[in-house]
Amino acid sequence: MIKKAIICSLILLFALEQAKANAVKALPFEKEYRVALMLPFCLGNPDKWKVRDIMADYYEGVEMAVAAMEAQGLKMQLTVLDTKQDSLEVIRLLKETPDLTQYDLIIGPVYDNELFEVEKFCSVYNIPLVSPLRPYNKTLNTEFPLINCSATDSMQMYYNGQMVANVFKNFQVVLVDDQVKASKTYAAKQFKLGYESILNKPFTVVDGKITTVASVWNKKDSVLAFFPNKSSSSCNLAIGLSASLPVIALGPAEWLAIDRMNYGSLNRLYFYDTYSVPYNDTTYKQFRKQYRLKYGGDPERYTFIGYDQFVFFSTALMAFDTRFIDQVLNKSFRSTHRNFQFVKRGNVYENAGTNLFYYQDYNLYKALWRY
Numbered sequence: 000m001i002k003k004a005i006i007c008s009l010i011l012l013f014a015l016e017q018a019k020a021n022a023v024k025a026l027p028f029e030k031e032y033r034v035a036l037m038l039p040f041c042l043g044n045p046d047k048w049k050v051r052d053i054m055a056d057y058y059e060g061v062e063m064a065v066a067a068m069e070a071q072g073l074k075m076q077l078t079v080l081d082t083k084q085d086s087l088e089v090i091r092l093l094k095e096t097p098d099l100t101q102y103d104l105i106i107g108p109v110y111d112n113e114l115f116e117v118e119k120f121c122s123v124y125n126i127p128l129v130s131p132l133r134p135y136n137k138t139l140n141t142e143f144p145l146i147n148c149s150a151t152d153s154m155q156m157y158y159n160g161q162m163v164a165n166v167f168k169n170f171q172v173v174l175v176d177d178q179v180k181a182s183k184t185y186a187a188k189q190f191k192l193g194y195e196s197i198l199n200k201p202f203t204v205v206d207g208k209i210t211t212v213a214s215v216w217n218k219k220d221s222v223l224a225f226f227p228n229k230s231s232s233s234c235n236l237a238i239g240l241s242a243s244l245p246v247i248a249l250g251p252a253e254w255l256a257i258d259r260m261n262y263g264s265l266n267r268l269y270f271y272d273t274y275s276v277p278y279n280d281t282t283y284k285q286f287r288k289q290y291r292l293k294y295g296g297d298p299e300r301y302t303f304i305g306y307d308q309f310v311f312f313s314t315a316l317m318a319f320d321t322r323f324i325d326q327v328l329n330k331s332f333r334s335t336h337r338n339f340q341f342v343k344r345g346n347v348y349e350n351a352g353t354n355l356f357y358y359q360d361y362n363l364y365k366a367l368w369r370y
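Every letter in the sequence shown is one number past the one before it in numbering that gives the first Met the number 0, and letter 94, counting from 1, is 93.
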């Protein structure tokens, strides 16, 4: 299982580090860790039901992860706090939660104004802080670990460029940006920077209309046409391109949500996303079975996010204690819904992992499994 693969990878890294240091102190996994989970459950506020439903899905994944990790020997005191999507409530929780200054890890909150208050707290007590669902940049010049599970849009495009360069090494890559002033958009620039940081190959940006993919194709290599834009016009351009040329058209997963008459036209397209769930994979099927036994129904997207994040961070604590981020930096760990590959950008750590996958016969598959 993927969970076991992550655990084995981290424990192996731990063993290597311990051997180098000839450590004599107690192993990290013998310790009971204290973790605070701060999320906007918004209990008692009926107007916030959409946020509450997402947080409930996330927390179901957390519960399953904690149970799975306790079976692996995890000792954890998990404190769950409702921020109510209110920075004043966050301030109260930070002040009144017993012994919070002694915690080993804080995960959440979600929104910037809430994270700002927790950032100040963690900077004083040097507690690692995880932003689970949104990128957050430090506002204080302090050295405590701030860990983003998602990158900013511009950096995500940079990492997409790296991913494409690694996966499609023998392809001629063309970025199709049908917005005005295409070559000057942040998406094209960031993708180009990421791509060229891996491969020293020519890279072309076209608008797909005046300058087409066919007009720049070298007629020798297979072509990958990368689309950064989420609009229906960009999606239709990719559909037409994939029908007329031997080309892989790769676009954002948001295209799957665009209303259309013929969804079968999407079968020729490939997609990229920060999160994806391989519904035909045996790991997913086993997870769904366990979820149905516990909750009924099927797990949602945020259930996987909560599960994978807690498996990863729990395992990292067990293996490396609170300074785990320095040990897992620039290493890749595969999980159920995405890859974890933390890199340092400025004074924050962010996940550079992204998923490439394709849509065929109304089923999603990771392209990385096929190439």
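Backbone N, C-alpha and C define an ideal beta-carbon position, used for all residues, glycine too.
Just so you know, the alpha carbons of Thr281 and Arg337 end up roughly 16 Å apart.
Straight through space, the alpha carbons of Tyr271 and Gly72 are spaced by roughly 36 Å. Here Lys191 is buried, its C-beta having at least 16 other C-beta atoms within 10 Å.
For Leu249, the enclosing beta strand (DSSP E) covers residues Val246 to Pro251.
For Asn217 and Gln161, the gap between their C-alpha atoms comes out near 22 Å. Cβ neighbours of Trp254 within its own chain (closer than 6 Å, five residues either side excluded): Cys234. Put simply, of Pro227, Asp177 and Asn199 the residue whose alpha carbon is nearest the alpha carbon of Thr210 is Asp177. Counted as a single uninterrupted DSSP element, the alpha helix (DSSP H) harbouring Thr281 occupies residues Thr281 to Lys293. Within the same chain, Cβ atoms closer than 7 Å to the Cβ of Lys168 are found at Leu198, the five residues on either side in sequence being excluded.
Arg51 is classed as buried because its beta carbon has at least 16 other beta carbons within 10 Å across all chains shown.
Separation of the CB atoms of Gly107 and Met63 is rounded to 18 Å, and the pair is thereby denied contact status at 8 Å. Within the stretch 98-131, the beta strand (DSSP E) runs of at least 3 residues that lie entirely inside it are, in chain order, 104-106 and 128-130.
In the structure shown, Glu88 adopts helical secondary structure according to DSSP, grouped into three states.
Here the C-alpha atom of Gln189 lies approximately 37 Å from the C-alpha atom of Cys41. For Ala318, no beta strand (DSSP E) run applies; the uninterrupted alpha helix (DSSP H) run containing it begins and ends at Arg300 to Phe319, by DSSP. Each of Tyr124, Ile53, Thr100 and Gln101 was checked against the Cα of Val109, and the nearest Cα belongs to Ile53. As DSSP reads the structure, Phe339 sits in a beta bridge with Phe332. Assigned with DSSP and collapsed to three states, Ser275 falls in coil, not helix or strand.
Under the three-state reduction of DSSP, Tyr135 is assigned to coil, being neither helix nor strand. Beta-bridge partners of Leu38 (DSSP): Asp81.
Exclusion of the five residues before and after Phe286 leaves Pro298 and Thr335 as the residues of its chain whose Cβ lies within less than 7 Å of its Cβ. Burial state of Gln101 is exposed, judged by a 10 Å Cβ sphere holding fewer than 16 other Cβ atoms.
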